[in-house]
Structures are given as C-alpha cells and as structure tokens.
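**Q** Numbering (full-length UniProt numbering), first residue to last: 1 to 152. For each residue, glycine too, the CB sits at the ideal point set by N, CA and C. A single structure is presented below for examination.
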C-alpha cells in the first residue's frame, strides 16, 4: 500500500512486549522510501499472539479505539480471531463502510470457536467490511481471492 502512495499504519496488537497498540504502532507516509518500508517490515518480525483471550480482547478494543480516532476514509486490513460481541461492534464501527478488510481466523474443526468466527465475519459484513474466513491451514491465495470477492 505504501508503494502505491497510501499512508500505512501498523498496529501489532499481538506484540509480546506491548499491552496496547498505541505504544507500538508504526505509521509511514508517502513518498515511499527504503527506510519507511524497512521500518514497516521490521515491525512484522517476531509477531506473537496474545497469551490470553482477555489480553487479546483488550488489545483489539484498544486498536479499534485508535482506529476510530483517525480518518474514517482510511482503508484498514485486519487479521483477527473469533471476537466477542463487544469487540465485533468496536472494530466494525471504527472504520467507514467499504474501507475495512478482514481475514477472520477459524479453527480447523467445528465447534464454538468456529461459530464465533462466523458471527465475527457476519458482523463485519453487515458493517460494510470485506471479509474472508481462514484456518491456519488455508491457502493464502484462496483466502485473498475470497476476501476480494466478498462484497459487503
């Protein structure tokens, strides 16, 4: 996105050393230069998921609050797990319609977590997000193809 001239903000909510994305976000603006690209790529090294569901929820709510304080016309690309109703609502409302893109992680097996992932996808779709479901074993190309074809 940066190479195409769009500003990029990276909120690594799963960063092991962080409790809140505001303290660790990376924001790069065009014109693109090698230092900006390197900074964004460096921020993606050694990402780790939150250690508890409570921490994941808190980080996601903080990220949604951060997004809500910025221009609603910004495009947001999110990779999230199954979300609680509160987190779904907060993330859905943080971005203007048609500006959010989300890959929602699903488990490889059926069950409660799969239902929560599907509910998360549905809530984001109703809020105008483009969405795709993906398990850890999903093919990346297929996941992206589904994402760009799932009109809100």
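Nearest to residue 61 by alpha carbon, out of 145, 83, 142 and 34?
**A** 83
**Q** Are the region 55 to 75 and the region 33 to 41 in contact at 8 Å, needing three or more beta carbon pairs?
**A** Of all C-beta pairs linking the region 55 to 75 to the region 33 to 41, fewer than three are shorter than 8 Å, placing the two stretches out of contact.
**Q** Consult DSSP for residue 107 and reduce its assignment to one of helix, strand or coil.
**A** Residue state, collapsed to three classes: coil.
**Q** According to DSSP, is residue 17 helix, strand or coil?
**A** Note that residue 17 scores a pLDDT of 47, beneath 50, so its modelled location is shaky and nothing firm can be said.
**Q** List the DSSP bridge partners of residue 131.
**A** 102
**Q** Is residue 86 buried or exposed, if buried means 16 or more other CB atoms sit within 10 Å of its CB?
**A** Result: exposed.
**Q** With the cut-off set at 7 Å, would you say residue 124 and residue 102 are in Cβ contact?
**A** yes
**Q** Between residue 26 and residue 50, what straight-line distance do the alpha-carbon atoms span, to the nearest angstrom?
**A** 19 Å
**Q** Taking the alpha carbon of residue 52 as the reference point, which residue from 28, 81, 111 and 75 has its own alpha carbon closest?
**A** Nearest option by C-alpha distance: 81.
**Q** Going straight from the alpha carbon of residue 91 to that of residue 119, what length do you get?
**A** 13 Å
**Q** How close, in whole Å, do the beta carbons of residue 106 and residue 133 come, if the pair is a contact with beta carbons under 8 Å?
**A** Yes, they are in contact, since the Cβ atoms of residue 106 and residue 133 sit about 5 Å apart, within 8 Å.
**Q** Considering only the beta carbon of each residue, do residue 73 and residue 98 sit closer than 7 Å?
**A** no
**Q** In this structure, does DSSP put residue 3 in helix, strand or coil?
**A** coil
**Q** At the level of alpha carbons, what is the spacing between residue 110 and residue 135?
**A** 11 Å
**Q** Report yes if the CB atom of residue 100 is closer than 7 Å to the CB atom of residue 144, and no otherwise.
**A** no
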